[in-house]
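Engineer: Following the UniProt record's numbering, the residues of the sequence shown are numbered contiguously, the last one being 358.
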Amino acid sequence: MSMQQVPSHRRVVVGVDTHKYVHVAVAIDELGTILDSRSFVADAGGYTQLIEWAAAFGGKLTFGIEGTGSYGAGLAGAVRRRGIGALEVVRTDRRDRRLRGKSDTLDAENAAKAVLAGLATAVPKSHDGVVEMIRQIKVAKDIAVKARTAAMISLKQVIVNAPDDLRQELQHLSRMALINRCASLRPGKVTTITASTKHTLRAIARRWQQLNAEISEHEKLLKELTSQAAPGLTEAFAVGPDTAAEMLIVAGDNPERVRSEAAFARLCGVAPVPASSGMTTRHRLNRGGHRQANAALYRVVIVRMQHHEPTKAYVARRSAEGKTKAEIIRCLKRLLARELWAAMRPIRDARNELQQAA
């Protein structure tokens, strides 16, 4: 298929189906006519070739990119640095693929048409600032926490099946006392079941200690970075570095892409949506959004319900009105999202000033 030129006043949309090694792009005009389709290597050189190929059509150029948080992140960054508009496209659902078929070119065409139809409106995260640093450290910490939990479970399971004398010595100890005791065991030469059990317990306990030290280092870094990025977040009651990190990760390094406080609440999965039918009028929570951010909001709300006087007064008032505990928690999560969005205002203002200066 040969390339076609488009008048400068007309719109050109390039849909991109991203993969690990190759990106497939399809260009369409504002009438939905396919102009050309090509494949490009998924590296810096390929990104440059793809952008130059798209720019050669003329017209007002917009990219619709799938997977901007994974394989498409590099291309989205390259497009943004060239000053070209880019939107994130959700992959086609399975039902549509069964009806229309599946190929990389079809997926790229669908991405372009989603932008043209106004179905894709989300601006991709930039992944180029302190929030991306926070996200990476949070990933490392979460992996270490899971491994530490697994180590403790394994340690206790070994103790359950340990020889009687060793089991009776260890099973009543508190967590830290158990870790320290097992880490200091001296199995000697492994010639008996007791010696092999001690060897195993010591290995697991020392692994737990190493992971615990690693987690502490991650937490220290998260505290420094979140305080640097948004000091107002960590000053809120019961909001620690972990919760602040989750909120910043949701907003991204370019929080101006989130257009309103209501949009931020929806990203966090705490925006109610209508669920009415017939004579029944009600709402339910939007189950979309960032699950980790939603869980972080829940943890903060639970702590505030126990230790925060204004929250305790709110719970008492809403309970008197006949609200259930689940309904009250839903309301509190929504209010908390509003509070934390306001605390991130300095970041948004700084980004806006930077863009205006540029």
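We put the beta carbon where it would ideally sit given N, CA and C, even for glycine.
Computed from a prediction, not measured in an experiment: that's the story for all the values here.
Under DSSP, the beta strand (DSSP E) around Arg11 begins and ends at which residues?
Structural biologist: Where Arg11 is concerned, the enclosing beta strand (DSSP E) stretches over 11-17.
Engineer: Would you say Val14 and Leu61 are within 8 angstroms of each other, going by their C-beta atoms?
Structural biologist: Contact: yes.
Engineer: Pair every Cβ in the segment 27-46 with every Cβ in the segment 109-125, then say whether three or more of these pairs are closer than 8 angstroms.
Structural biologist: The segment 27-46 is in contact with the segment 109-125.
Engineer: Shortest alpha-carbon distance to Lys325 belongs to which of Val301, Ala342, Met344, Ala25?
Structural biologist: It is Val301.
Engineer: Which ranges does the alpha helix (DSSP H) cover as unbroken runs of at least 4 residues, wholly within the segment 187-240, from first to last along the chain?
Structural biologist: Taking only runs of at least 4 residues, the alpha helix (DSSP H) segments lying wholly in the segment 187-240 are 193-229, 231-234.
Engineer: Arg38 bridges to which residues according to DSSP?
Structural biologist: Bridge partners of Arg38: Ala25.
Engineer: Measuring alpha carbon to alpha carbon, tell me which of Arg282, Met152, Arg338, Glu52 ends up nearest Ser264.
Structural biologist: Looking at the sequence provided, one finds Phe at residue 264 rather than Ser. It is Arg338 whose Cα lies nearest to the Cα of Phe264.
Engineer: Taking 6 angstroms as the limit between beta carbons, can you name the residues of its chain near Gly129, skipping five residues before and five after?
Structural biologist: The answer, listed in chain order, is Asp253.
Engineer: Grab me the residues of Ala342's own chain with a C-beta within less than 6 angstroms of its C-beta, minus the 5 sequence neighbours each way, in chain order.
Structural biologist: No residues qualify anywhere along the chain.
Engineer: Kindly confirm or deny that the segment 119-127 and the segment 62-70 touch, where touching means at least three C-beta pairs closer than 8 angstroms.
Structural biologist: Contact holds: three or more Cβ-Cβ distances are below 8 angstroms.
Engineer: Which two residues bound the contiguous alpha helix (DSSP H) that contains Val145?
Structural biologist: That run of the alpha helix (DSSP H) goes 130-160.
Engineer: Assuming contact is defined by CB atoms lying nearer than 8 angstroms, are Phe63 and Gly85 in contact in what I supplied?
Structural biologist: Closer than 8 angstroms, so yes.
Engineer: Does any CB atom of chain C fall closer than 8 angstroms to the CB of Ala177?
Structural biologist: Annotation note: the requested chain C is absent from the structure, which comprises a single protein chain.
Engineer: In this structure, how does DSSP classify Ser126 when only helix, strand and coil are distinguished?
Structural biologist: Ser126 falls in the coil class under three-state DSSP.
Engineer: Please identify the residue among Val139, Asn180, Val16, Ala205 whose C-alpha is closest to the C-alpha of Val115.
Structural biologist: The shortest Cα separation from Val115 among Val139, Asn180, Val16, Ala205 belongs to Val16.
Engineer: Put Met1 into one of helix, strand or coil per three-state DSSP.
Structural biologist: Residue placement at Met1 cannot be trusted, given a pLDDT of 44 that sits under 50; what the coordinates show is reported in the next sentence. Of the three classes helix, strand and coil, the one that applies to Met1 here is coil, per DSSP.
Engineer: Suppose you measure from the CA of Asp250 to the CA of Gln209; what does that come to, to the nearest Å?
Structural biologist: Asp is not the amino acid found at residue 250; the sequence shown has Val there. Straight-line Cα distance between these residues: approximately 31 angstroms.
Engineer: Would you kindly work out how many angstroms separate the C-alpha atoms of Arg257 and Asp349, rounded to a whole number?
Structural biologist: When rounded, the distance between both Cα atoms is 12 angstroms.
Engineer: I'd like the list of long-range same chain contacts for Ile215, defined as Cβ closer than 8 angstroms, with 5 residues on each side in sequence excluded.
Structural biologist: The residues are Lys141, Ala144, Val145, Arg148.
Engineer: Determine the contact status of Val273 and Arg284, defining contact as a CB-CB distance below 8 angstroms.
Structural biologist: Contact flag set, yes.
Engineer: Does the separation of the CB atoms of Gly83 and Ser8 fall below 8 angstroms?
Structural biologist: Against a cut-off of 8 angstroms, the Cβ pair of Ser8 and Gly83 comes out as no contact.
Engineer: In the DSSP assignment, the beta strand (DSSP E) including Val273 goes from what residue to what residue?
Structural biologist: 272-274 is the span of the beta strand (DSSP E), which, as asked, contains Val273.
Engineer: Have a look at the DSSP bridge pairing and note the partners of Ile65.
Structural biologist: Partner(s): Val16, Glu88.
Engineer: Closest by CA to Glu88, which one among Gly188, Thr18, Asp165?
Structural biologist: Nearest C-alpha to Glu88: Thr18.
Engineer: Specify the secondary structure class of Arg284 as computed by DSSP and reduced to three states.
Structural biologist: If DSSP states are grouped into helix, strand and coil, Arg284 belongs with the strands.
Engineer: When the Cα atoms are used, what is the spatial distance from Arg320 to Ser260?
Structural biologist: One detail in the question is off: residue 320 reads as Ala in this sequence, not Arg. Ala320 and Ser260: Cα-Cα distance of roughly 32 angstroms.
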